[in-house]
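Note that the numbering used here has the sequence shown beginning at 1, numbered continuously upward. For each residue, glycine too, the CB sits at the ideal point set by N, CA and C. Reviewing the structure listed below.
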Amino acid sequence: MPSSPFPLSVCPENVNDLIRSLNMFAPVLQVLPSTVFFVKNMRAEYVYANDTLLHRLQLSDMAALIGKTSEDLFQSEWGQRYTQ
């Protein structure tokens, strides 16, 4: 298995730490128009997403996404598949 590019003491220990560490990369994640980036918690709920995903889902802001699952957002059978 490849080693982590970060020392173990720097690696996020939970989702909240991960999101805080992503803040330094947020500008890059926001300007990649063909790249969808998101983070989900252990309950498969969105906790972070870039503007590309928000735009594709026709959501006005992150608050409309946080806490929702793919099943909540995708009305077809794909919602359940994305959640699995």
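Going by C-alpha to C-alpha distance, which of the options sits closest to residue i?
i     : options                    : result
Asn14 : Val31, Met42, Ser76        : Met42
Gly67 : Leu73, Ala26, Tyr46        : Tyr46
Leu53 : Asn23, Ala44, Leu18, Thr35 : Thr35
Arg20 : Ala44, Tyr48, Leu57        : Tyr48
Val39 : Glu77, Leu65, Pro27, Asp61 : Leu65
Since residue i and residue j should fall inside the 8 Å C-beta cutoff, what is the C-beta to C-beta distance between them, to a whole number of angstroms?
i     : j     : result
Asn50 : Leu29 : 4 Å
Leu57 : Leu73 : 6 Å
Under three-state DSSP, which class holds residue i?
i     : result
Ala63 : helix
Val28 : helix
Val47 : strand
Val15 : helix
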